[in-house]
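Right, one structure below, let's go through it.
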Amino acid sequence: DGGITQSPKYLFRKEGQNVTLSCEQNLNHDAMYWYRQDPGQGLRLIYYSQIVNDFQKGDIAEGYSVSREKKESFPLTVTSAQKNPTAFYLCASSIDGQGVNQPQHFGDGTRLSIL
Amino acid sequence: AQSVTQLDSQVPVFEEAPVELRCNYSSSVSVYLFWYVQYPNQGLQLLLKYLSGSTLVKGINGFEAEFNKSQTSFHLRKPSVHISDTAEYFCAVSAFNDYKLSFGAGTTVTVRA
Chain A
28 DGGITQSPKY
38 LFRKEGQNVT
48 LSCEQNLNHD
58 AMYWYRQDPG
68 QGLRLIYYSQ
78 IVNDFQKGDI
88 AEGYSVSREK
98 KESFPLTVTS
108 AQKNPTAFYL
118 CASSIDGQGV
128 NQPQHFGDGT
138 RLSIL
Chain B
91 AQSVTQLDSQ
101 VPVFEEAPVE
111 LRCNYSSSVS
121 VYLFWYVQYP
131 NQGLQLLLKY
141 LSGSTLVKGI
151 NGFEAEFNKS
161 QTSFHLRKPS
171 VHISDTAEYF
181 CAVSAFNDYK
191 LSFGAGTTVT
201 VRA
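Order-wise, the sequence lines are chains A and B.
The first sequence runs 28 to 142 under the numbering used here.
The second sequence runs 91 to 203 under the numbering used here.
The following block contains the structure:
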């Protein structure tokens, strides 16, 4: 079955530590996205990639970094500069980045907590 | 830029009763509209979408939504809910030819027997 796999499901970060969240898709989608979800706030876009080796900042990119070296993979690094990283992180993909080819398909998320 | 307002943060409802979740949007350009459902500790699943054409859109699990351009609304309805419909529901909007989805804050539906 095609889909999006996020790992790990739960992750704990120590102060001053960088952590990387994995996102892999086998849907052959060009576009991939990272969202942060906090209670009562809906989803906010962190980073977006329309094609391999290209990505753009979303609304809340500070303290995060990404790479897109392969079409299937879009890892997110939460750096020590992100002072409030506790949240539920969702990865998504779509056929391409144009609105007409929405919708986005979502993984099951990674819950990040601070030790 | 687009924005979405979900008018109810929590909606309790009895099993087999109807439910309506309200969504209003703001945009200076034409938009696409979506409803997603999220079960606990899971990702989002698409319920239905409006791209063009008929303003009444039918989705999965017996849900439907009506696009009202004059009122800039896209309310979600189900005539008879089940316990399994307990979840959080998100309304989202994107402008034509735009990658970005703007989400509402979500509506938590709790179905009671």
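Backbone N, C-alpha and C define an ideal beta-carbon position, used for all residues, glycine too.
These numbers come from a predicted model, not from an experiment.
C-beta neighbour in chain B for residue i, strict 8 Å
i: G136 of chain A; result: yes
i: A58 of chain A; result: yes
i: F133 of chain A; result: yes
i: P35 of chain A; result: no
i: P102 of chain A; result: no
Interface flag, residue i vs chain A, CB-CB below 8 Å
i: L166 of chain B; result: no
i: Q132 of chain B; result: yes
i: F153 of chain B; result: no
i: K190 of chain B; result: yes
i: G143 of chain B; result: no
i: K159 of chain B; result: no
i: K139 of chain B; result: yes
i: L136 of chain B; result: yes
Chain D within 8 Å of residue i, Cβ atoms only
i: G29 of chain A; result: In the structure shown, chain D does not exist; the protein chains are A and B.
Exposure of residue i, with buried meaning 16 or more beta-carbon neighbours within 10 Å
i: F39 of chain A; result: exposed
i: G67 of chain A; result: exposed
i: V46 of chain B; result: Residue 46 of chain B is absent from the model: chain B starts at 91 and stops at 203.
i: Q33 of chain A; result: buried
i: D188 of chain B; result: buried
i: T200 of chain B; result: exposed
i: R202 of chain B; result: exposed
i: T47 of chain A; result: exposed
i: G134 of chain A; result: buried
i: I73 of chain A; result: buried
i: L137 of chain B; result: buried
i: F124 of chain B; result: buried
i: P130 of chain A; result: buried
i: G43 of chain A; result: exposed
i: H172 of chain B; result: exposed
i: Q128 of chain B; result: buried
i: A58 of chain A; result: buried
i: Y91 of chain A; result: buried
i: L142 of chain A; result: exposed
i: A91 of chain B; result: exposed
i: Y37 of chain A; result: exposed
i: S93 of chain B; result: exposed
i: Q52 of chain A; result: buried
Near the ligand FAD: residue i beta-carbon under 7 Å from a heavy atom
i: Q100 of chain B; result: Absence of the ligand FAD is noted for the structure shown, with no ligands found whatsoever.
Cβ separation of residue i and residue j, assumed to be a contact under 8 Å, to the nearest whole Å
i: I78 of chain A; j: C50 of chain A; result: With 8 Å as the limit, I78 of chain A and C50 of chain A do not qualify as a contact, their Cβ atoms being about 16 Å apart.
i: S184 of chain B; j: Y140 of chain B; result: No, S184 of chain B and Y140 of chain B are not in contact; Cβ-Cβ is about 11 Å, not under 8 Å.
i: Y145 of chain A; j: R71 of chain A; result: Since the first and last residues shown for chain A are 28 and 142, residue 145 of chain A lies out of range.
i: H56 of chain A; j: S121 of chain A; result: 6 Å
i: T104 of chain A; j: N45 of chain A; result: 6 Å
i: G194 of chain B; j: G69 of chain A; result: 6 Å
i: Y60 of chain A; j: C118 of chain A; result: 7 Å
i: S170 of chain B; j: P108 of chain B; result: 7 Å
Is the stretch 82-98 of chain A in contact with the stretch 98-116 of chain B, if contact means three or more CB pairs nearer than 8 Å? With a cut-off of 8 Å on Cβ pairs, the stretch 82-98 of chain A is not in contact with the stretch 98-116 of chain B, counting fewer than three such pairs.
For the stretch 103-113 of chain A against the stretch 136-146 of chain B, are there 3 or more C-beta pairs whose distance is under 8 Å? At 8 Å Cβ cutoff, the stretches do not touch.
Could you name the residues of the stretch 68-99 of chain A whose beta carbon sits closer than 7 Å to any beta carbon of chain B, in the order they occur along the chain? Per Cβ criterion, the list reads Q68, G69, L70, L72, Y75 and Q77.
Specify whether the stretch 94-106 of chain B and the stretch 148-161 of chain B touch according to this definition: at least 3 beta carbon pairs, one from each stretch, less than 8 Å apart. No contact exists between the stretch 94-106 of chain B and the stretch 148-161 of chain B.
Between the stretch 191-200 of chain B and the stretch 169-182 of chain B, do three or more beta carbon pairs fall short of 8 Å? Touching, yes, given that three or more Cβ pairs across the two stretches are closer than 8 Å.
To be precise: take each residue of the stretch 170-196 of chain B, compare its Cβ to all Cβ atoms of chain A, and keep it if any distance is under 7 Å. Which residues remain? Taking a C-beta cut-off of 7 Å against chain A, the contacting residues of the stretch 170-196 of chain B are F180, S184, A185, F186, N187, D188, Y189, K190, L191, F193, G194, A195 and G196, listed in chain order.
So if I threshold CB-CB distances at 7 Å, which residues from the stretch 110-122 of chain A count as touching chain B? Flagged, chain order: L117.
The stretch 107-128 of chain B: which residues have C-beta closer than 9 Å to a C-beta of chain A, in chain order? Residues V121, Y122, F124, Y126 and Q128.
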